[in-house]
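Residue numbers (UniProt numbering): 1 to 850.
Cβ atoms here follow ideal geometry from the backbone N, Cα and C, with glycine treated the same way.
Keep in mind the model is a prediction, meaning the values are calculated, not measured.
Comments concern the structure below.
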Amino acid sequence: MKATASSGQRERLVIVGNGMVGHHCVEQLVSRGALQQFEVRVFGEERQRAYDRVHLSEYFGGSCAETLALCEHDFYAASGVYLHLGEAVLQIDRERGEVVTAQGRYGYDQLVLATGSYPFVPPIEGSSGDARLVYRTLDDLDGIRAAAASARRGVVVGGGLLGLEAANALKSLGLEAHVVEFAPRLMPVQLDGEGGAALKAQIEALGVGVHLSRATQSISQGDAYRYRMNFDGGQYLETDLIVFSAGIRPQDALGRACGLDIAPRGGVVIDEHCRSSDPRIFAIGECASWNGSVFGLVAPGYSMARNLAALLCGEAPVPFSGADMSTKLKLLGVDVGSIGDAHGATPGARSYRFIDEANSAYRRLVVDASGKHVLGAVLVGDNSYYDTLLQYAQNGIALPADPAALILPQGGAAPALGADALPDSATICSCHNVSKGAVCAAVDSGCSDLAAVKGCTKAATGCGGCAALLKQVFEHELTARGVAVDKSLCEHFAYTRQELYAMVRVEGIRTFSELLARHGKGHTGCDICKPAVGNILASCWNQPIMDPALVPLQDTNDTFMANMQKNGTYSVVPRIPGGEITPDKLIVIGQVAKKYDLYTKITGGQRIDLFGVQLHELPLIWGELIEAGFETGHAYGKSTRTVKSCVGSTWCRYGVQDSVAMALRLEDRYKGLRSPHKLKFAVSGCTRECAEAQSKDIGVIATDKGWNLYVCGNGGMRPRHAELFATDLDDETLVRLIDRVLMFYIRTADKLQRTSVWRENLEGGLDYLKQVVIDDSLGLASELEAQMQHVVDQYQCEWANALNDPEKLKRFRTFVNDQRADPDVHFVREREQRRPAAPLHLIPTVEEAV
Numbered sequence: 001m002k003a004t005a006s007s008g009q010r011e012r013l014v015i016v017g018n019g020m021v022g023h024h025c026v027e028q029l030v031s032r033g034a035l036q037q038f039e040v041r042v043f044g045e046e047r048q049r050a051y052d053r054v055h056l057s058e059y060f061g062g063s064c065a066e067t068l069a070l071c072e073h074d075f076y077a078a079s080g081v082y083l084h085l086g087e088a089v090l091q092i093d094r095e096r097g098e099v100v101t102a103q104g105r106y107g108y109d110q111l112v113l114a115t116g117s118y119p120f121v122p123p124i125e126g127s128s129g130d131a132r133l134v135y136r137t138l139d140d141l142d143g144i145r146a147a148a149a150s151a152r153r154g155v156v157v158g159g160g161l162l163g164l165e166a167a168n169a170l171k172s173l174g175l176e177a178h179v180v181e182f183a184p185r186l187m188p189v190q191l192d193g194e195g196g197a198a199l200k201a202q203i204e205a206l207g208v209g210v211h212l213s214r215a216t217q218s219i220s221q222g223d224a225y226r227y228r229m230n231f232d233g234g235q236y237l238e239t240d241l242i243v244f245s246a247g248i249r250p251q252d253a254l255g256r257a258c259g260l261d262i263a264p265r266g267g268v269v270i271d272e273h274c275r276s277s278d279p280r281i282f283a284i285g286e287c288a289s290w291n292g293s294v295f296g297l298v299a300p301g302y303s304m305a306r307n308l309a310a311l312l313c314g315e316a317p318v319p320f321s322g323a324d325m326s327t328k329l330k331l332l333g334v335d336v337g338s339i340g341d342a343h344g345a346t347p348g349a350r351s352y353r354f355i356d357e358a359n360s361a362y363r364r365l366v367v368d369a370s371g372k373h374v375l376g377a378v379l380v381g382d383n384s385y386y387d388t389l390l391q392y393a394q395n396g397i398a399l400p401a402d403p404a405a406l407i408l409p410q411g412g413a414a415p416a417l418g419a420d421a422l423p424d425s426a427t428i429c430s431c432h433n434v435s436k437g438a439v440c441a442a443v444d445s446g447c448s449d450l451a452a453v454k455g456c457t458k459a460a461t462g463c464g465g466c467a468a469l470l471k472q473v474f475e476h477e478l479t480a481r482g483v484a485v486d487k488s489l490c491e492h493f494a495y496t497r498q499e500l501y502a503m504v505r506v507e508g509i510r511t512f513s514e515l516l517a518r519h520g521k522g523h524t525g526c527d528i529c530k531p532a533v534g535n536i537l538a539s540c541w542n543q544p545i546m547d548p549a550l551v552p553l554q555d556t557n558d559t560f561m562a563n564m565q566k567n568g569t570y571s572v573v574p575r576i577p578g579g580e581i582t583p584d585k586l587i588v589i590g591q592v593a594k595k596y597d598l599y600t601k602i603t604g605g606q607r608i609d610l611f612g613v614q615l616h617e618l619p620l621i622w623g624e625l626i627e628a629g630f631e632t633g634h635a636y637g638k639s640t641r642t643v644k645s646c647v648g649s650t651w652c653r654y655g656v657q658d659s660v661a662m663a664l665r666l667e668d669r670y671k672g673l674r675s676p677h678k679l680k681f682a683v684s685g686c687t688r689e690c691a692e693a694q695s696k697d698i699g700v701i702a703t704d705k706g707w708n709l710y711v712c713g714n715g716g717m718r719p720r721h722a723e724l725f726a727t728d729l730d731d732e733t734l735v736r737l738i739d740r741v742l743m744f745y746i747r748t749a750d751k752l753q754r755t756s757v758w759r760e761n762l763e764g765g766l767d768y769l770k771q772v773v774i775d776d777s778l779g780l781a782s783e784l785e786a787q788m789q790h791v792v793d794q795y796q797c798e799w800a801n802a803l804n805d806p807e808k809l810k811r812f813r814t815f816v817n818d819q820r821a822d823p824d825v826h827f828v829r830e831r832e833q834r835r836p837a838a839p840l841h842l843i844p845t846v847e848e849a850v
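And the structure:
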């Protein structure tokens, strides 16, 4: 097999490793048009395509390999890249220019090693089976989950970043979690002594045991638990499983075996262009050693991948010159930040420290000998200072006269670092190397909202830590260009939805005409303001939307209280709370479907959708359904849709709470609640998460102590995992917090804004939302609860209301003067379960209306 491509043929480029860095390299090659020059072949040892290891702990919270995947399932094939999953490269034959797998030999002209790293497990006597688990891959996590099923206590060896992530995973599985660290403090690489102490205090307050300065000598059989970890000095700790997270080592075995230069501390030696000692072989990510250093963060690996892709495509690459190892983390819910020279090792460095022992918070600012520039920082307990300090450090911005003001509590006189103080070269997003200049260029190219800037630059789409800074820069740039972002609802109302909501609520306005007369312009309104105001009125007062004054405000679906389908018919979705239904009600649905010749489908929200209903049939069908005890499911409205549930402790042997009962309670409370966009809930009876609560606007997961509340997730075109909001809640507290979250969302969100987008744009993020909802920082808690209770008390089934009013029923006639159907209209039913001609993944699914 030839070592180089012959004239007219594409060069053969082989990438070994399908992790985050290897995948990013492929993305860069595809975006640069490299597939015209190269035949690209990628080998992944794991069965899954590239997934997000940064958020690996979410796997225990309900995420799966698919939700963690970094690309669509057909990305590689559609791009023309050959992907070999579950096919490990066993050998590199440099002489023949081939890689060898168990399935065969593949030639290369250029080879990229992106094999990452592997977890280091110290050679400890007795470490095997459940006493030798690691936390690195999805398969590893499956092993931990299986071991945890029969365990009460779990121990993580290693108190670094991954170790604390692993401890959080054990805790989420319901185990008593402990961390054992050889060093005298947690996260010894990133934190100093005081920072480590503050982190220890916060983690112990969460119920995780922390054991420092402990060296495990051996593992033997335990008495009360399965294993006993024997430490030096005669101390010991018993546990049922042990997860090792004591550091990583470069996965450089292939490079070693084929004779590449290897650094003394491991890693394939590379130059500033990621080239190894063999000019045809490159290495990127954690398997590579540059200038004697291996970089264990994703951002440096991405930088290497970008530089290499530019080089391979004949562009002028930016030489790799090391990486900023600053990190902004949330570990077990605790903010941790480390910037630059966090330990003050630079000669002449001086430090300012703020210590709050009462709240276990700590901040350290390291400055140079002149006192004019930031060298590093340590933050524990509050990362709101991180973005500002990072920009001071990265861009050499001169410090204010009193540098200590930068880390004092924000009630002090700390000078704000505005976006205008940042040079165009300032890095906004480290993961994707997006500078302020790139954000400015995106604005200049026409990106007029934050979502467009993210799509154009990929900023804030990696770890997400730069989201607040990106928003600040984006808004500043619009203002600097004299672009006024018009927040008016439309030409008739020079106010935002939030402002109009406040007017309606405070002034007791109950009609569109009254609001238009007081605060608007014109006489009729438009297709933008009328549905928005109709939604606001429904959210505030919950009057029947079919009342004569409200009907003109509704969109098509709400006008007829049914989802219009593409053939002009409608669908009917009766409410089935929590998916619980009696045999008699199932029979009624079947009888109605047969009587009116309707297509039926089980929806993703555990309900039954009836398709093909003609306009005049809607009252007839709903009359039969309501007589059988059903009520409207509001599938047509921007309102609460469903509360999905698993069977919970009533039936499941893993269930720890009655998830069905809670789902019924929540759906009964929030049914009919109108909001800026549709709302979906789910309740899972244990951490196995069968109801998929973490993909919902409101997700509830049972624990042995109560309920964990997750907020602001959703599926759809912009999937977003819900975030853990509060833990171990009793029933009443759970409902109170949901009341407050939903009503605060309804009050402050923009029109047609999902909870996920609202949360992304919320100033102060999740921490601010917690302050408002849990800590009642704005003094709104009782008001939000009262507003929700008013909506709940006003509920009535909209279809039952319409059926009792002959005037409202007139809307459902095909002809104004005749109740019969149009004899000239014939519908062709598509009832048969046909085999699709195209692959299944290309066939659109029928779900509730978006």
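Taking 8 Å as the cut-off, the beta carbon of residue 22 is found closer than this to the beta carbon of residue 114. Within the DSSP bridge table, the entry for residue 93 names 98 as partners. Rounded to the nearest whole angstrom, the C-alpha separation of residue 69 and residue 807 is 53 Å.
Our two residues, residue 595 and residue 565, have alpha carbons roughly 20 Å apart in a direct line. Nearest to residue 461 by alpha-carbon distance, out of 55, 638 and 725, is 55. Residue 758 sits buried, since 16 or more C-beta atoms from the chains shown fall within 10 Å of its C-beta. Sorting 435, 192, 525 and 204 by C-alpha distance to the C-alpha of residue 363 places 192 at the top. Short of 6 Å from the beta carbon of residue 576, and not among the five residues preceding or following it, lie these beta carbons of its own chain, in chain order: 607. Just measuring C-alpha positions, the residue of 93, 454 and 530 sitting nearest residue 259 is 93.
C-alpha of residue 388 to C-alpha of residue 741: approximately 29 Å in a straight line. With fewer than 16 other Cβ atoms inside 10 Å of its own Cβ, residue 150 counts as exposed. Excluding the 5 residues flanking it on each side, residue 30 has same chain C-beta neighbours closer than 8 Å at 79 and 81, in chain order. Between the stretch 729-736 and the stretch 791-808, the count of Cβ pairs shorter than 8 Å is below three; the stretches do not touch. Exposure of residue 602 is indicated by the presence of fewer than 16 other C-beta atoms within 10 angstroms of its C-beta.
Residue 772 and residue 614 have their alpha carbons spaced roughly 46 Å apart.
For residue 290, the uninterrupted beta strand (DSSP E) segment begins and ends at 288-290.
Residue nearest to residue 568 within the set 574, 478, 556 and 579 is 556 (criterion: CA-CA distance). Spanning the alpha carbons of residue 373 and residue 355 requires a straight line of approximately 22 Å. Annotated as distal: residue 519 and residue 501, with beta-carbon spacing of 8 Å or more. At the C-beta level, residue 340 and residue 393 come within 8 Å of one another. Taken through DSSP and simplified to helix, strand or coil, residue 701 comes out as strand.
Under the three-state reduction of DSSP output, residue 217 falls in the strand class. Taking C-beta atoms as the reference points, residue 213 and residue 135 fail to come closer than 8 Å. By the 16-neighbour rule on beta-carbons within 10 angstroms, residue 695 is buried.
With respect to the C-alpha of residue 11, the residue from 361, 250, 333 and 312 having the closest C-alpha is 312. The continuous alpha helix (DSSP H) containing residue 788 extends over residues 781-793.
With 16 or more other CB atoms across the displayed protein chains lying within 10 angstroms of its CB, residue 427 is buried.
Non-local C-beta neighbours of residue 666 in its own chain, meaning closer than 8 Å and more than five positions away in sequence, comprise 643, 681, 683, 698, 700, 735 and 738, ordered along the chain. Comparing alpha carbon positions, the residue from 668, 711, 656 and 673 closest to residue 703 is 656. Apart from sequence neighbours up to five positions away, the residues of its chain that approach residue 267 with a beta-carbon distance below 7 Å are 250, 252, 287, 288, 289 and 294, ordered along the chain.
Under the rule that a run must span 4 or more residues, the alpha helix (DSSP H) segments found entirely inside the UniProt domain "Nitrite/sulphite reductase 4Fe-4S" (637-761) read 659-670, 731-748 and 755-761. Taking 8 Å as the cut-off, the Cβ atoms of residue 41 and residue 309 do not count as close. The closest CA to that of residue 88, considering only 799, 72, 45 and 478, is found on 45.
Across the set 782, 466, 804 and 497, the C-alpha of 497 shows the shortest separation from the C-alpha of residue 676. Residue pairing by DSSP places residue 230 opposite 218 and 236 in a beta bridge. Residue 39 is bridged by DSSP to 12.
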